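Chains as they are written, first to last, in the UniProt record's numbering: chain A, 1 to 157; chain B, 1 to 157. A quick write-up on the structure given underneath.
There are 2 protein chains.
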Amino acid sequence: MAEGAPMALAMEEARAAAAREEVPVGAVVTDARGAVLSRAGNEVEARHDPSAHAEMLALRAAAAARGRKWLEDCTLWVTLEPCPMCAQAASFFRVRRVVFGAYDPKGGGVEHGARVLSAPSCHHAPEVVGGVRESESAALLREFFLARRGGTGVSGG
Amino acid sequence: MAEGAPMALAMEEARAAAAREEVPVGAVVTDARGAVLSRAGNEVEARHDPSAHAEMLALRAAAAARGRKWLEDCTLWVTLEPCPMCAQAASFFRVRRVVFGAYDPKGGGVEHGARVLSAPSCHHAPEVVGGVRESESAALLREFFLARRGGTGVSGG
């Protein structure tokens with residue numbers, strides 16, 4: 001599978017989330033061969049669950065699909081830089097790699113804020129690649145917040 | 001309800017987790033009047049889900065019980081210092097207060113490591129009280145790891 005394909009799928013999930021009035025963030029988990037194990041969009045509003053970020057749902061679904069808790073050969077693709085919660089979850093699930101789209105200076109926890117994967121106490125730090133289809137992902141978020149809140153922040157992915 | 005009562009309940013959940021061969025951490029969510037909204041122990045092994053920490057389960061269950069996503073009047077009681085994932089989740093659920101038992105220098109994310117609630121980008125930082133029934137909680141974790149792994153670390157709560 002081409003490198004860009006899982007991120008295109010994650011973008012589809014983000015667009016579907018926007019259509020449900022959820023913050024438009026999408027995530028996909030692929031295995032070592034590039035096969036898609038899971039895909040999810042934000043479901044915070046629908047579930048009344050602020051922890052139902054796309055990444056959390058995709059990670060849980062991928063592990064559930066395999067019936068084991070670690071995803072050590074897998075890549076997590078997500079349209080926005082993961083927050084501290086999701087970054088730590090990616091570490092706990094032991095994913096090999098995290099590829100994200102837009103950077104999130106306000107809510108991100110990988111390249112910004114708490115930088116949880118860089119903490120000395122982080123026992124498993126996945127490889128991180130940021131900025132993949134960045135402008136497309138950022139534009140979707142910007143449009144969402146401009147239309148609904150008249151605001152500029154992203155946070156919530 | 002006396003201050004110590006929810007923590008005693010959390011300890012019960014931690015002991016029940018140990019009996020299921022889960023890392024013994026328990027959590028309880030109470031509302032402003034001290035009524036228990038939810039209680040949970042670690043279910044990482046049973047669910048094949050490294051994100052199934054006691055705090056995550058208790059927070060989700062409390063919000064689900066109310067049918068709304070914020071717990072702004074609530075206290076999260078947990079027997080071990082929350083990890084970065086759970087600390088960030090407590091912030092997202094907007095809990096008023098986090099009360100924890102043992103400090104976790106290896107895996108904690110509140111007073112140690114990424115200190116996510118102290119990051120300038122943390123939009124909602126609950127009040128934090130640590131060390132409540134600390135020695136009891138630490139002893140339970142120590143016994144668990146000594147018996148099962150011959151190790152000393154705690155992490156996983």
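The beta-carbon is built from N, C-alpha and C at its ideal position, and this holds for glycine as well. No experiment lies behind these values; they were computed from the predicted model shown.
Taking 8 Å as the CB-CB cut-off, is Ser51(A) touching chain B? Taking the first sequence and counting its residues from 1, the one referred to as residue 51(A) is at position 51. Chain B contact via Cβ: present.
Mind pulling the alpha helix (DSSP H) runs of 4 or more residues that sit fully within the UniProt domain "CMP/dCMP-type deaminase" (1 to 111) of chain A? You should have 4 to 19, 44 to 47, 54 to 66 and 84 to 92.
Between the Cα of Ala139(A) and those of Ala14(A), Leu9(A), Val99(A) and Ala5(A), spot the shortest distance and give me the residue it belongs to. Here the question's residue 139(A) lines up with position 139 in the first sequence. For Ala139(A), the nearest C-alpha among the options comes from Ala14(A).
Does Leu146(B) pass the burial test, meaning 16 or more other C-beta atoms within 10 Å, or should it be called exposed? Position 146 of the second sequence holds residue 146(B). The residue is exposed, with fewer than 16 neighbouring Cβ atoms inside 10 Å.
Out of His112(A), Gly108(A), Cys122(A) and Gly107(A), which one is the CA nearest neighbour of His112(B)? Position 112 of the second sequence holds residue 112(B). It is Cys122(A) whose Cα lies nearest to the Cα of His112(B).
Do the segment 70 to 80 of chain A and the segment 84 to 96 of chain B touch if we need at least three Cβ pairs shorter than 8 Å? Inter-segment contact for the segment 70 to 80 of chain A and the segment 84 to 96 of chain B is absent: fewer than three beta-carbon pairs are separated by less than 8 Å.
Would Arg148(B) count as contacting chain A if we go by Cβ distances under 8 Å? For the purposes of this step, residue 148(B) is taken as the residue at position 148 of the second sequence. Output row for Arg148(B): interface = no.
So the beta strand (DSSP E) Val128(B) belongs to, where does it begin and stop? Counting from 1 along the second sequence, the entry for residue 128(B) is found at position 128. Element bounds for Val128(B): Glu127 to Val129.
Keeping to the same chain, check which residues put their C-beta closer than 6 Å to that of Pro6(B); ignore five residues upstream and five downstream. As a position in the second sequence, residue 6(B) is number 6, starting the count at 1. Only Val28, Thr30 and Trp77 meet the Cβ criterion.
Which stretch, first to last residue, makes up the alpha helix (DSSP H) that contains Ser114(A)? As a first step, residue 114(A) is located in the first sequence; it is residue number 114 there, counting from the start. Here residue 114(A) turns out to be Ala, not Ser, going by the sequence shown. It is not in any alpha helix (DSSP H) - Ala114(A) carries neither H nor E in the DSSP assignment.
Compute the distance between the beta-carbons of Val99(A) and Gly109(A), then report whether it is under 8 Å. Working through the first sequence from its first residue, we reach residue 99(A) at position 99. Working through the first sequence from its first residue, we reach residue 109(A) at position 109. No, these two residues do not count as a Cβ contact at 8 Å.
Measuring CA to CA, which of Pro126(A), Gly26(A), Arg33(A) and Ala32(A) is closest to Glu43(A)? Taking the first residue of the first sequence as position 1, residue 43(A) is located at position 43. Of the candidates Pro126(A), Gly26(A), Arg33(A) and Ala32(A), the residue whose Cα lies closest to the Cα of Glu43(A) is Gly26(A).
Alpha carbons only, please: which of Ala114(A), Ala119(A), Pro120(A) and Pro82(A) is nearest the one belonging to Ala102(A)? Indexing the first sequence from 1 puts residue 102(A) at position 102. It is Pro82(A).
Determine, using beta carbons only, whether Pro84(B) and Ala125(B) come nearer to each other than 8 Å. The sequence position of residue 84(B) within the second sequence is 84, counting from 1. The sequence position of residue 125(B) within the second sequence is 125, counting from 1. No; because the gap between Cβ atoms is not below 8 Å, this pair is not in contact.
From residue 207(B) to Ser38(A), what distance separates their C-alpha atoms? Past the edges of chain B, shown from 1 to 157, lies residue 207(B), and the structure says nothing about it.
Is Ala52(A) closer than 8 Å to Phe144(A) when the C-beta atoms are compared? Along the first sequence, one-based indexing puts residue 144(A) at 144. Along the first sequence, one-based indexing puts residue 52(A) at 52. Contact: no.
Nearest neighbour of Met56(B), chosen from Arg20(B), Arg148(B), Ala40(B) and Gly107(B) [CA to CA]: By 1-based counting over the second sequence, the position of residue 56(B) is 56. Taking only the C-alpha atoms, the option nearest Met56(B) is Ala40(B).
If I measure Cβ to Cβ from Gly130(A) and keep anything under 7 Å in the same chain, skipping five residues before and after, which residues do I get? Taking the first sequence and counting its residues from 1, the one referred to as residue 130(A) is at position 130. Short of 7 Å from the beta carbon of Gly130(A), and not among the five residues preceding or following it, lie these beta carbons of its own chain, in chain order: Glu81, Phe100, Tyr103 and Glu111.
Could you have a look at Arg149(A) and say whether DSSP puts it in helix, strand or coil? One-based indexing of the first sequence puts residue 149(A) at position 149. Coil at Arg149(A), not helix or strand.
Please state if the CB of Arg149(A) and the CB of His48(B) are separated by a distance shorter than 8 Å. By one-based count along the second sequence, residue 48(B) stands at place 48. By one-based count along the first sequence, residue 149(A) stands at place 149. No. Outside cutoff.
At least one CB of chain A closer than 8 Å to the CB of Met11(B): is that the case? Reading the second sequence from its first residue, position 11 is the one you call residue 11(B). Not one chain A Cβ lies under 8 Å of Met11(B).
Anticipated Cβ contact below 8 Å, Glu22(A) with Glu45(A), distance rounded: Locating residue 22(A) in the first sequence gives position 22, counting from the first residue. Locating residue 45(A) in the first sequence gives position 45, counting from the first residue. Cβ-Cβ separation between Glu22(A) and Glu45(A): approximately 5 Å, consistent with a contact (criterion under 8 Å).
Chain-order list of residues whose beta-carbon lies under 7 Å from that of Ala87(A) (same chain, five-residue window excluded): Here residue 87(A) refers to the residue found at position 87 when the first sequence is read from its first residue. Taken in chain order, the residues that qualify are Gly109, Val110, Val116 and Leu117.
Whole angstroms are fine: how far does the CA of Arg33(B) sit from the CA of Ser135(A)? Reading the first sequence from its first residue, position 135 is the one you call residue 135(A). Reading the second sequence from its first residue, position 33 is the one you call residue 33(B). Each residue's Cα considered, the two are about 47 Å apart.
Does at least one heavy atom of the ligand HEM sit under 7 Å from the Cβ of Tyr103(A)? As far as ligands go, the structure on display features none, and thus does not contain the ligand HEM.
Assigned secondary structure, Arg133(A) (DSSP; H/G/I helix, E/B strand, else coil): Reading the first sequence from its first residue, position 133 is the one you call residue 133(A). In this structure, Arg133(A) counts as coil in the three-state DSSP scheme.
So what's Ala119(B) in DSSP terms, helix, strand or just coil? In the second sequence, counting from the first residue as 1, residue 119(B) sits at position 119. Ala119(B): coil per DSSP, three-state reduction.
Give the residues from the segment 120 to 145 of chain B that approach chain A closer than 8 Å (Cβ to any Cβ), ordered along the chain. Pro120, Ser121, Cys122 and His123: these are the residues of the segment 120 to 145 of chain B whose beta carbon lies less than 8 Å from some beta carbon of chain A, given in chain order.
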